[in-house]
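In terms of numbering that gives the first Met the number 0, the sequence shown opens at residue 0 and continues consecutively.
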Amino acid sequence: MNEDNIFLMKNNIKEYDWGGISFIPNLLGDKIDGRPKAEMWLGAHKTFSSKILYRNEYVLLSDFLEDHKELLGCSNGEFPFLFKVLSASKPLSIQIHPSKDFALKGFESENNKGIDINDPKRTYKDKNPKIELIYALSDFYALKGFLPLDEIKKICETLELNFDFQSHIGFVKTIFELQTHELEKIIEKILKNLNLIDNFRGYWFNEIYNIYGIDVGLLVFLGMNILKLKPGEVFYTNSQEVHAYLKGDCIELMTNSDNVIRAGLTTKYIDKEEMLRVGQFEEGNLSFLSPDFQNSFNVFRLPNTNLKLIEKKINESICINRNSPMVLLVLDGCVSINKSLNLNKGESIFIGKKAKNLFINGDGQAFIAGFDQD
């Protein structure tokens with residue numbers, strides 16, 4: 000164990016097909032190889048844990064914390080968050096994440112069925128609910144919750160879609176029950192009449208169609224809120240809330256979970272029945288977050304959790320209380336930790352709980368993921 004309980008990290012990257020080509024490699028100073036780099040995970044999730052430098056070799060953070068729970072300082076001895084850099088060059092799936100109860104029961108059910116944790120058809124990878132926060136690093140486009148019911152009906156009437164529904168879940172059920180030939184005819188009809196709806200929605204419908212073709216997610220998209228975040232803006236999605244990310248680069252902070260239920264706009268496993276069972280289909284709350292300003296930091300707190308994301312442009316010496324474990328990522332420039340460890344753009348550290356302050360100086364921008372102890 001080093002004296003400060005601070006460890007340099009090596010993080011894994013998910014190469015999902017929707018990922019951007021250049022943002023994450025540029026952050027890390029890596030050569031662009033043409034393959035999509037969708038997500039860089041910074042954390043201790045059992046399926047995709049970061050590594051830390053310990054006694055001159057890299058070891059899995061998840062394994063390390065099993066043997067050094069004192070660095071967590073939390074009562075259940077579990078690492079409570081997952082920190083990501085996400086880069087999307089095309090839309091992600093229409094999806095939801097389960098609540099705590101659904102996650103626990105779903106995980107146990109799939110275990111009892113003998114579905115391997117790495118099986119592509121496995122939905123519940125862990126027992127944890129998933130609530131997530133997005134900090135936009137570029138213009139960032141997303142879908143979140145549904146339009147008011149009368150607005151959805153107006154769009155359907157304008158496009159001459161003979162859908163009969165009296166609720167948001169009824170709208171989605173109507174779409175999910177369509178046969179393939181019906182879906183094809185409806186989407187072809189919409190493509191001919193996109194000029195009848197607002198330009199922004201029409202643009203994204205056409206963009207998504209050009210990527211995914213005939214897809215049930217296109218019709219669900221018609222009834223959803225479309226958000227555009229500017230760099231530095233933040234919003235969150237709760238568990239069970241229908242959402243999708245369309246395009247952009249961001250920082251993500253979430254509960255330590257990889258549970259995703261998908262129902263369109265994806266090459267991954269789709270489970271419409273599970274989405275209808277678990278999801279909350281209602282008018283969307285846009286859920287933008289404003290920071291608390293504490294000691295010159297921007298602190299964003301993730302609702303319904305004890306997690307927080309700290310953002311700071313560093314041009315002076317600053318001090319942070321280490322009352323919980325943290326992960327620090329340098330997004331730009333160079334910063335020094337406790338005057339002994341220099342971190343460049345793209346580098347990150349795991350900071351174990353310790354009864355002493357953390358001193359940071361330099362010239363750059365850093366993000367710190369952490370949580371408030373009970």
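Where is the CB? At the ideal position from N, CA and C, for every residue including glycine.
Keep in mind it's a predicted model, so treat the numbers as computed, not measured.
**Study point:** Same chain, Cβ closer than 7 Å to G105, five either side skipped, listed in chain order
**Key:** Excluding positions up to five away in sequence, the list reads P97, T122 and Y123.
Practice item. Note the first and the last residue of the continuous beta strand (DSSP E) segment covering I5. Key: DSSP places I5 in the uninterrupted beta strand (DSSP E) bounded by I5 to K9.
Review point. So, helix, strand or coil for G201, using DSSP?
Key: DSSP places G201 in helix when its eight states are reduced to three.
Practice item. Measure the C-alpha to C-alpha separation of I151 and L357 and round it to an integer number of angstroms. Key: For I151 and L357, the gap between their C-alpha atoms comes out near 51 Å.
Review point. Which residues in the same chain have their Cβ closer than 7 Å to the Cβ of L71, if we skip the five residues on either side of it in sequence?
Key: L64, F78, P324 and K352, listed in sequence order.
Exercise for review: Can you say whether S238 is buried or exposed, counting buried as having 16 or more other CB atoms within 10 angstroms of its CB?
Suggested key: Buried, since its Cβ has 16 or more Cβ neighbours within 10 Å.
**Study point:** Reference E181, options N205, K344, D197 and D214, closest by Cα
**Key:** Cα-wise, what sits closest to E181 is D214.
Check your understanding: Among the residues of its own chain, which have a CB less than 7 Å from the CB of T304, if the five just before and after it don't count?
Key -> Closer than 7 Å at Cβ, skipping near neighbours: I130 and T254.
Point to revise | D371 - DSSP class collapsed to helix/strand/coil | key: Assigned with DSSP and collapsed to three states, D371 falls in coil, not helix or strand.
Review point. From K227, E310, A262 and N11, pick the residue whose C-alpha is nearest to that of N294; which is it?
Key: Ranking K227, E310, A262 and N11 by Cα distance to N294 puts E310 first.
Review point. Hey, G247 and A135 are a contact pair by Cβ (cut 8 Å); roughly how many whole angstroms apart?
Key: That belief holds up - the Cβ atoms of G247 and A135 are roughly 6 Å apart, short of 8 Å.
Practice item. Let me know the beta strand (DSSP E) ranges lying completely inside the stretch 297-332, each 3 residues or longer, listed in chain order. Key: Entirely contained in the stretch 297-332, the beta strand (DSSP E) runs reaching 3 residues are, in chain order, 306-313 and 317-319.
Point to revise | Alpha carbon of A141 to alpha carbon of H242, nearest angstrom | key: So the alpha carbons of these two residues sit roughly 7 Å apart.
Check your understanding: On the three-state DSSP scale, how would you describe F63?
Key -> In the structure shown, F63 sits in a helix (DSSP, three-state: H, G or I).
Check your understanding: If we call anything under 8 Å between Cβ atoms a contact, is Y208 one with I186?
Key -> Between Y208 and I186, the CB-CB gap stays under 8 Å.
Check your understanding: In three-state DSSP terms, what is A102?
Key -> In the structure shown, A102 adopts helical secondary structure according to DSSP, grouped into three states.
**Study point:** For L375, three-class secondary structure by DSSP
**Key:** Because the chain here runs from 0 to 373, residue 375 falls outside it and cannot be looked at.
Exercise for review: Give the range of the alpha helix (DSSP H) segment to which D248 is assigned.
Suggested key: D248 -> not in any alpha helix (DSSP H); beta strand (DSSP E) instead, spanning H242 to T254.
Exercise for review: Check the DSSP bridge columns for G363 and list the partner residues they point to.
Suggested key: DSSP, once it has assigned bridges, lists I313 and G332 as partnering G363.
**Study point:** Identity of the residue in I51, K172, L218 and S286 nearest E232 by Cα
**Key:** Of the candidates I51, K172, L218 and S286, the one whose C-alpha sits nearest the C-alpha of E232 is S286.
Review point. Roughly how many whole angstroms lie between the Cα atoms of D331 and D3?
Key: Near 24 Å, if we compare the C-alpha coordinates of D3 and D331.
Check your understanding: How do the stretch 30-40 and the stretch 9-22 stand: do at least 3 beta-carbon pairs fall below 8 Å, yes or no?
Key -> The stretch 30-40, when compared against the stretch 9-22, does touch it at the 8 Å Cβ threshold.
Point to revise | Cα-Cα separation between L160 and K9, rounded to whole angstroms | key: C-alpha separation (whole angstroms): 51 Å.
Exercise for review: Report yes if the C-beta distance between I12 and A262 is below 8 Å; otherwise report no.
Suggested key: For the 8 Å CB-CB criterion, I12 and A262 do not form a contact.
Review point. Excluding five sequence neighbours on each side, which residues of the same chain lie with their C-beta closer than 6 Å to the C-beta of G283?
Key: Excluding residues within five positions, the ones whose Cβ falls inside 6 Å are K143, G144, F145 and N224.
Review point. In angstroms, rounded to a whole number, what distance separates the CA positions of S86 and N25?
Key: S86 and N25: Cα-Cα distance of roughly 11 Å.
Check your understanding: Out of curiosity, what's the CA-to-CA distance linking Q178 and N111?
Key -> Taking the straight line from one Cα to the other gives about 32 Å.
Check your understanding: Beta carbon of I114, beta carbon of L275: below 8 Å?
Key -> Contact flag unset, no.
Practice item. Could you check how far apart the C-beta atoms of R280 and P290 are, in whole angstroms? I think they sit under 8 Å. Key: Per the sequence shown, residue 280 should be read as Phe rather than Arg. Going by Cβ atoms, the distance from F280 to P290 rounds to 31 Å, so no, they are not a contact pair.
Check your understanding: Looking at C-alpha atoms only, which residue of K184, F139 and F175 is the closest neighbour of L158?
Key -> Of the candidates K184, F139 and F175, the residue whose Cα lies closest to the Cα of L158 is K184.
**Study point:** Reduced DSSP secondary structure (H/G/I, E/B, other) of R34
**Key:** Of the three classes helix, strand and coil, the one that applies to R34 here is coil, per DSSP.
Point to revise | Bridge partner(s) assigned by DSSP for N343 | key: According to DSSP, N343 bridges with C333.
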